[in-house]
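Take the sequence shown: its position 738, counting from 1, is numbered 1817 in my numbering, and each next residue is one higher.
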Amino acid sequence: MIAALATVLAGLQHAASVLPGDSDVPIVHVTRDNTVIDRTCSLVIDPAAVIEDSDGNGVIHIAADNITVSFADGSRLVAGEFDGRWNALSGSGVRIDGRKNVTLKGARVSGCKVGIWATNADGLTIDGAELSDNFRQHLGSKPWAEDSADWLWPHENDKREWATNYGAALLVERSDNVTLHDVTVRRGQNGIMLDRVNDSKVYDNDCSFLSGWGLSMWRSNRNTISRNAFDFCVRGHSEGVYNRGQDSAGILCFEQCSNNTFIWNSATHGGDGFFGFAGKEAIGEREPVDGPIDLANAGCNDNTFLFNDFSYAPAHGWEMTFSLRNLLFVNTFIENGVCGIWGGYSNDTIICSNHFERNGGLAYGMERGAINIEHGSGNLILKNSIHDNRVGIHIWLDADTQLRELPGVKARYRGVTDNRLVWNEVTISAQQPFGELGADRPLIGVQVRRVDGAPGPLERNSYVGNYISDFDAAQTKELDLTAGVQLARENASPMQFSDRVKYMKPGQIINEPGTTQPVNARQNLAGRASIIMDEWGPWDHASPMVRLGQRSARGVVYEVRGTSANLYAENLLTGEKEYWPATPTALEPLKLTIAGDGGYTEYAYRLVDGDWSKELRGSIVQAQWTTTFFKNATDPRTDEPGWRAAATGPDAVTVTLPAIDLPFGYNGPARTVRLLDPEASKPLADAKFKANQFGLVASTTIHLPAGQWKLVVESDDGVRLRADGRTVIENWTLHGPARDEAVLTLTEARETPLELTYFQLEGFAVLRLGIERAAATTE
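Have a look at this one:
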């Protein structure tokens, strides 16, 4: 009897309190974790309460088929207490597992790793949801330098890696006939995530200003993605400094997502606007997880892209690789940093009636300009408007020996054959945006080439009825063909291509769901200069944003945007206030300059604008580091004495640096040091250091007050730090980006010697040293 009563009470602890409402729909008060909902109802949740997902399986569990669950007006589920560390958020808000035909209306969820998580939920409808303020990673990239550790890895997701590593506002997996509409996401990393979702509709959503992906799709087919805004889903960009994008995207499609329709979506200012990849399984780089597949036909195939805007990406407007038979019709590609379209190893793509303008201004390597296809065959490029791009149409074949031998690549490989360039208008004007041009890199209308005599078929490509004119800019070239490359110039008529392209008006193409008009809705933010990142993601151009805009030996500068002319800064250490008589703009922020006093300087400020405030606390370390760079003579892990001897050899270069803040990436010493001190970088450039196989020894003396000091070293590869005469950090190994910490205790204020030793062997590289208080001082 007692045991039975205990079981009932335990169940009641997880049950919802159901009270009669004003209508026939009962009201459920959600006050604790693991609340089970098994009927149609309205949820009342105190937005000031924090209901933690203590066991990681969701706060609210919808546990019945064919029910409608609504959030009452003013209700919000806050599943994690936010203390400024978005990357510490965990758990999920609403869980739907194995339930059919559930409708969730007006959900408002924040403070989670995953806001709404649905599995095996056929017939699910999400009708309006506000899923902002959920998980996002802390970014190491700064306005002045990229941190390559910020790169995303979308290539694995069969074990739910995307949501586990990066979070999601809305995750739906292994479900069919799903409808998702009117979902809004801000201040997060990822918006809507679909994993094995088929025959579904996603429309009228706005998942923008995120640090990852607006919409991400994995093994999802036959879906309609209509009238959504996936703008400013970006990371790894600082206009005029670097434009990597780091595999962020407005829309991401990986591992065999086929027969989907994307219509009237805005995916501007993303790392890529659209980023598609056939998948590691499809190209034969790993074994299939669900049994054998036809490698000759595996990929992200037969997708249709209509009337979308893929502009202002740091990298590519639209990327689809190793895939077949995709159609792009009447899309817009403006000012994408690398190129408008990148279609490497994709065959039978139709690119028709799209508009390309001013793409390729930040290009590097082979990809640049409007349309770029490497190792592609059977592609039709028809009736596109291509104006003032670095290259109009660029098709090429290069070696890529290892890649071409992968089973999935080999199964469909046809070289560069049977591509048709028909009736395109390619123009370059004197107003082209690329500045002064060099004879070695002219603007080119159409370029077809075999790179360095690479083997493989490059034949039967045709060039018909194209209009190439207005080549008024200096150093331009209408047509550039590698010696021996020929383009057929046969006559063509419209009927010749009518079986591949149907000329229809928008209303005749598809009866797309949705009513919103996101394309051009953010025209006031046109241009990549509107991408402004801080340590958590892109600015939304609406709320206040404060970021560290500059750090030097002289001090720090904070940039403030989104506030009014009433903003002031209060020095919390002195009580002094500083006012600004102007309102900041995106391109002209207000600036708070904090100078150091020599050695170690702490600062504390409060920014105030009406009801909004933000505290800024930090430290400035001013020291002159005597830094010697040298090339690796031996492996420092096995012969450190021989390796260190090179530091005093004739090829070593000694410079003075104002800080140890060296995000080498793949750039080597000279280009990285130039960010700290342009003059110091010159002897390093003369020494021709490579990006790898170098070492450095740096030393300084800094005055520190008494107390405990935390020393933080970020490194890739090996590092050793000595402080006050003893080794406090040692990670003398070949390793990826790592963070090591040590605490130094000083019983009195004094000059403290520091020595940092570092080696770089291969791949990515970084070296940073930070000093901050670890505890209250005893001075």
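Glycine included, every Cβ here is placed at the ideal spot set by N, Cα and C.
Bear in mind that the values here come from a model prediction, so they are computed numbers and not experimental data.
Extent of the continuous beta strand (DSSP E) run through residue i
| i | result |
| --- | --- |
| G1293 | W1292 to W1297 |
| E1557 | T1555 to L1560 |
| N1186 | First, the residue type needs correcting, since residue 1186 is Ala and not Asn in the sequence shown. Per DSSP, A1186 belongs to the beta strand (DSSP E) from T1182 to S1189. |
| R1266 | Counting along the chain, R1266 falls outside any beta strand (DSSP E), and DSSP gives it neither H nor E. |
| P1742 | D1740 to G1744 |
| V1700 | W1691 to Q1701 |
| K1670 | L1669 to A1674 |
| K1280 | K1280 to Y1282 |
| N1451 | G1448 to E1453 |
| L1385 | T1383 to L1385 |
| V1148 | T1147 to F1150 |
| Q1839 | R1829 to Q1839 |
| T1114 | T1114 to I1116 |
| G1194 | V1193 to T1198 |
| D1176 | S1171 to D1176 |
| H1814 | Looking at the DSSP string, H1814 is not in any beta strand (DSSP E), and its letter there is neither H nor E. |
| V1104 | Segment: none, V1104 is in no beta strand (DSSP E) and carries neither H nor E. |
| C1379 | Element bounds for C1379: n/a, residue is neither H nor E. |
Which residues DSSP lists as bridging residue i, in chain order
| i | result |
| --- | --- |
| R1626 | E1638 |
| S1548 | T1506 |
| K1710 | F1773 |
| R1852 | W1788 |
| C1431 | F1408 and L1461 |
| S1254 | V1276 |
| W1704 | L1736 |
| A1142 | Note: A1142 sits in no beta bridge, so no partner. |
| G1355 | C1332 and M1399 |
| V1154 | It should be pointed out that residue 1154 corresponds to Ser in this sequence rather than to Val. Bridge partners of S1154: none, in fact. |
| S1206 | For clarity, residue 1206 is Asp in the given sequence; the question names Ser instead. K1184 and H1260, per the DSSP bridge assignment. |
| G1678 | Q1701 |
| K1656 | E1649 |
| C1120 | V1148 |
Supposed close pair residue i, residue j - CB separation, criterion 8 Å
| i | j | result |
| --- | --- | --- |
| R1525 | L1500 | The sequence given here has Val at residue 1525, not Arg. Confirmed, Cβ separation roughly 7 Å. |
| I1781 | G1678 | 6 Å |
| T1751 | P1762 | Between P1762 and T1751 the Cβ distance is about 14 Å, and since that is not below 8 Å, they are no contact. |
| M1272 | L1289 | That pair is no contact at about 11 Å. |
| F1435 | N1405 | 17 Å between Cβ atoms; not a contact. |
| G1628 | E1638 | 4 Å |
| I1304 | V1262 | 13 Å between Cβ atoms; not a contact. |
| D1467 | I1523 | The pair is not a contact, with the Cβ atoms about 12 Å apart (cut-off 8 Å). |
| G1774 | W1722 | 6 Å |
| S1390 | T1411 | 6 Å |
Local Cβ density within 10 Å of residue i, reported as buried at 16 or more and exposed below that
| i | result |
| --- | --- |
| D1690 | exposed |
| Q1325 | buried |
| L1652 | exposed |
| N1645 | exposed |
| A1392 | buried |
| D1226 | buried |
| D1388 | buried |
| A1085 | Reliability of the predicted coordinates at A1085 is poor, the pLDDT of 36 falling under 50, and no value is obtained from them. |
| P1585 | With a pLDDT of 43 at P1585, under the threshold of 50, the modelled position of this residue cannot be trusted; read the value that follows with caution. Label assigned to P1585: exposed. |
| P1757 | exposed |
| D1765 | exposed |
| W1232 | exposed |
| D1201 | buried |
| K1192 | buried |
| V1700 | buried |
| G1419 | buried |
| Q1587 | Because the pLDDT of Q1587 is 45, which lies under 50, any placement of that residue in the model is unreliable, and the question is left without a value. |
| V1527 | buried |
| N1603 | exposed |
| G1163 | exposed |
| G1815 | exposed |
| P1573 | Because the pLDDT at P1573 is just 48, under 50, the model does not fix this residue reliably, and the point stays unresolved. |
Continuous alpha helix (DSSP H) stretch holding residue i: start and end
| i | result |
| --- | --- |
| W1241 | E1240 to Y1245 |
| E1820 | Counting along the chain, E1820 falls outside any alpha helix (DSSP H), though it belongs to the beta strand (DSSP E) covering A1817 to L1825. |
| G1721 | E1719 to A1724 |
Minimum Cβ-Cβ distance from residue i to chain C less than 7 Å
| i | result |
| --- | --- |
| D1206 | Any reference to chain C falls outside this structure, which holds one protein chain only. |
For the region 1754-1809, list the alpha helix (DSSP H) runs that are entirely contained and at least 4 residues long, ordered along the chain.
1757-1766, all fully within the region 1754-1809.
Uninterrupted alpha helix (DSSP H) stretches inside the region 1472-1542 (no shorter than 4 residues)
1480-1483 and 1486-1491
Which residue spans inside the region 1287-1340 form an unbroken beta strand (DSSP E) run of at least 3?
1292-1297, 1303-1305 and 1328-1333
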